Amino acid sequence: MTIQPEARARLLGGFLLLALGAWILHTFLGFLFWGLVLALTTWPVYRRLKNWLDARNRHAWVAVVLTLMIGAIILVPLIYGLTKIIDEAQSLAKILVGAQNAGLPAPDWLQATPLVGAWLAELWNSSLGSPDAVNETLHLLQTETALAHTKDLASQILRRAFGLFVTLLSLFFLYRDGEILGHQVLGGFRKLFGDIGVRYAEHAVAAVRATVSGLVLLGLGEGLLLGVGYAVTGLSHPAMLAAVTGVFAMIPFAAKLVLAVCSLVLVASGQVAAGAGLFIFGIIVILVAENYVRPILIGGSIKLPFLWTLLGIFGGLENFGLIGLFLGPTVMAVVLSIWRDSLEEVGG
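Positions 3 to 350 (the numbering used here) are the ones given, in order, by the sequence shown.
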């Protein structure tokens with residue numbers, strides 16, 4: 003069948019417009035994708051709230067309230083963490099001012115560290131033990147470079163804050179117009195690929211929800227349980243450590259790094275039993291979560307083997323950054339679904 007010149011021109015014009023739109027929005031595509039992930043994950047909650055308020059015809063208000071709630075869930079821990087970092091930075095500045103006048107001898111717990119305590123104490127004293135050593139160390143750190151990094155950090159914080167605003171704004175509109183957009187997208191897939199395209203789209207949505215449950219919710223659960231361990235063993239700022247552990251736990255095997263550091267801090271401070279107990283407790287929690295619960299949450303609902311889930315997560319992180327945590331397993335789930343359909347067609 004020969005394509006008419008008018009149809010060819012329409013196809014070319016449509017492709018060029020799509021490319022232009024993608025180029026205009028490429029800076030915000032990551033933030034828009036985060037909004038899509040949040041919308042797909044929390045859509046059942048939105049539907050329940052909307053159905054409850056259906057008689058009052060306040061769908062937009064439900065979208066506003068739920069968007070603000072999700073924004074608060076994201077912002078409150080971030081603001082708490084930033085305030086703690088600022089407080090610690092102010093304390094560090096006071097310590098440095100005192101060290102410039104009188105030096106900062108190595109603490110006793112550092113010298114008591116098994117095997118390497120004497121070497122660490124000598125290294126500490128040579129760098130911070132006297133006023134001259136402190137001033138020389140600060141000079142080596144290059145204050146101008148540190149100031150430049152501080153300015154760069156401030157610009158990154160502003161950019162991320164604007165990105166969060168774009169994410170929440172897109173989330174609101176996805177809530178408000180999600181049903182219409184969903185019908186349009188499924189209609190487009192049905193027109194292009196038939197009913198099997200709709201099934202693949204639904205499989206992708208299920209993969210996103212399963213990945214969020216297996217990574218985010220399970221990671222937060224790990225952080226909560228380990229936070230209890232941090233509090234019991236007497237570590238300072240257990241809530242912040244729990245939040246950091248929860249974030250790291252979203253990446254397979256990464257939570258063990260935070261656990262190991264916290265356990266070493268306890269051991270170095272002389273609390274060997276507490277450090278060993280925390281490490282054993284944390285390893286049990288992490289092993290159960292990552293080897294038993296996570297494969298069930300992610301692979302069970304979408305029939306994706308754990309190996310492919312793991313490869314999808316790591317491959318997504320490598321190629322797409324944090325977005326790849328969700329994009330990788332989703333793509334792997336759709337690819338595996340296509341592969342299974344192909345095998346059924348060959349066998350049938």
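From the three backbone atoms N, C-alpha and C, an ideal C-beta is built for every residue, glycine too. In this text, all values refer to a predicted model and were calculated from it rather than measured experimentally.
Which listed residue (L42, A206, G196, V287) has its alpha carbon closest to that of G229: V287
I182 classed as buried or exposed, judged by whether at least 16 other C-beta atoms fall within 10 angstroms: exposed
Nearest residue (CA-CA) to V336, options P307, G323, N321: P307
Rounded C-alpha distance that separates F167 from L51: 23 Å
Under the three-state DSSP convention, the category G284 falls into: helix
Between the CA atoms of G32 and L280 - distance to the nearest angstrom: 37 Å
Burial state of R211 (16 or more Cβ within 10 Å): buried
Cut-off 6 Å between Cβ atoms - residues of its own chain near N127, not counting five sequence neighbours on either side: A108
Own chain, CB closer than 7 Å to K258, minus 5 neighbours either side, in chain order: I288
C-alpha gap between E292 and W310, whole angstroms: 14 Å
Neighbour-count burial assignment, L170, 16 or more Cβ in a 10 Å radius: buried
Exposed unless 16 or more other CB atoms sit within 10 angstroms - verdict on S339: buried
Min CB distance T311 to chain C below 8 Å: No chain C is part of this structure, which consists of one protein chain only.
Simplified DSSP assignment, three categories, for A251: helix
Closest residue to E204 among T43, A21, G16, L20 (Cα-Cα distance): T43
Integer-rounded CB distance, given that R296 should sit under 8 Å from L220: 6 Å
Cβ-Cβ distance between A209 and T332 below 8 Å: yes
Reduced DSSP category for T85 - H, G, I as helix; E, B as strand; rest coil: helix
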